[in-house]
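Just so you know, my numbering puts the end of the sequence shown at 350, numbered straight through with nothing missing.
Glycine included, C-beta positions come from ideal geometry on N, C-alpha and C.
Taking it in order: structure first as structure tokens, then the write-up.
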Amino acid sequence: MPFLVRSFLAATLVALSFAPASRADDPKPADAKPSYKVLLRERWKVGDVVTRIAKETFTRAVEAKKGDEPVQKLPAIERQTSYVVVTKCLEADADGYATKFLLYLTAWTIEAGPQKDSSLSGVQIEVTGLGAGRTWKVLTPDAKPSAAALDWVEQFYGKKGSGEATYNDLEPKGGIEVGNSWDGDARSIAKRLADRGVPVDVEKSKATCTLVSVEAATAHVLVRMSFPTTELRLPNGQNFPWKEGGVLELNLDLARPLAAGEFDAKIHRDQILQGVAEGSDGVAVTWEDLGRQDIEVRAGGKMPEVPVAPASTEGEKKEPAMDDAPK
24 MPFLVRSFLA
34 ATLVALSFAP
44 ASRADDPKPA
54 DAKPSYKVLL
64 RERWKVGDVV
74 TRIAKETFTR
84 AVEAKKGDEP
94 VQKLPAIERQ
104 TSYVVVTKCL
114 EADADGYATK
124 FLLYLTAWTI
134 EAGPQKDSSL
144 SGVQIEVTGL
154 GAGRTWKVLT
164 PDAKPSAAAL
174 DWVEQFYGKK
184 GSGEATYNDL
194 EPKGGIEVGN
204 SWDGDARSIA
214 KRLADRGVPV
224 DVEKSKATCT
234 LVSVEAATAH
244 VLVRMSFPTT
254 ELRLPNGQNF
264 PWKEGGVLEL
274 NLDLARPLAA
284 GEFDAKIHRD
294 QILQGVAEGS
304 DGVAVTWEDL
314 GRQDIEVRAG
324 GKMPEVPVAP
334 ASTEGEKKEP
344 AMDDAPK
């Protein structure tokens, strides 16, 4: 579900389970540390019901100067998003990917300045397929979600949603001891960002994960990702090279139960893109994007009966007007 540049990282979560680092019959030193299999992607089975409660904030500040003289200071963008989404798995494949599921948005609101959009609240959506083959449709009769709301669904649950793939790329290949770190497949994640128009340097991208602790059957995992960008892409289509900065940083702080197949989790995400770009005629453009997301995941939730007559609104919507990364 949803993880990234907002489109990136919309909507996403972890599951951790025990796994021995060696065979059970191998001799072990008396002081050997336990090793854990870290699963950074949810494993679903038919009938699973999960509730996600999320709050997100995003701000953008842009200023242009020529020497010490201000040329332009654009109004800051401030956006708050909150939602409660119940998910029910209808079909799943052998790898635990949900290939068909229902969404019920019991609450959903985006506030940007004086504007408030709650047009997805109370709406049910059916999602089918995986990756580039994923489609979705609104089931609630007479629902009238806004264009921005439909873009949000596409970003987090449609073809543009990359949370599942991202977490899969971060999973380690073997057992991990507490305090140890491993590298995620940052190049794979960066390529998906590039496909979405973020000008990342794929070869210089990095992702480091650390198993910080295991306490009371809960694992604490930190993920640090950095994606250097090659230029600043403005929403108006202008592209400027960076003079300094320009690294997109995505940091995750995850708490998950160790048992595989359980969903209860707490996730915190920080997103930062700062730098000074070289504009035309000697103008320096200072850019700052700051995003913060907190998600609580709980097993269970109430899914209403599916409406008999589906609405005609379907997926394949345009790119969100306000994304977490510059275009």
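| Item | Value |
| --- | --- |
| Backbone secondary structure at Thr80 - three-state DSSP | strand |
| Extent of the continuous alpha helix (DSSP H) to which Phe179 belongs | 170 to 180 |
| Simplified DSSP state of Tyr106, which is helix, strand or coil | strand |
| For Lys214, the first and last residue of its enclosing beta strand (DSSP E) | No beta strand (DSSP E) holds Lys214; the alpha helix (DSSP H) holding it covers 209 to 218. |
| Cβ-Cβ distance between Leu125 and Leu113 below 8 Å | yes |
| DSSP state of Thr189 mapped onto helix, strand, coil | helix |
| Cα-Cα separation between Ile76 and Arg315, rounded to whole angstroms | 14 Å |
| Sub-8 Å separation of Asp312 and Gln294 beta-carbons | yes |
| The segment 259 to 278 / the segment 88 to 104 touching (three or more Cβ pairs under 8 Å) | no |
| Thr74 and Gly284 closer than 8 Å at C-beta | no |
| Local Cβ density within 10 Å of Pro258, reported as buried at 16 or more and exposed below that | exposed |
| Terminal residues of the beta strand (DSSP E) in which Trp67 lies | Unbroken run through Trp67: none, as it is neither H nor E. |
| Lys227 in three-state terms, based on DSSP | helix |
| Beta-carbon proximity of Val237 to Tyr59, cut-off 8 Å | yes |
| DSSP three-state assignment for Gly305, whether helix, strand or coil | helix |
| C-beta atoms of Val320 and Phe286 nearer than 8 Å | yes |
| Closest Cα partner of Ala130 within the set Val107, Lys214, Ala99, Phe263 | Val107 |
| Spatially closest choice to Leu255 from Leu273, Val299, Tyr127, Thr158, by CA coordinates | Val299 |
| Which listed residue (Asp192, Gln178, Glu187) has its alpha carbon closest to that of Arg219 | Gln178 |
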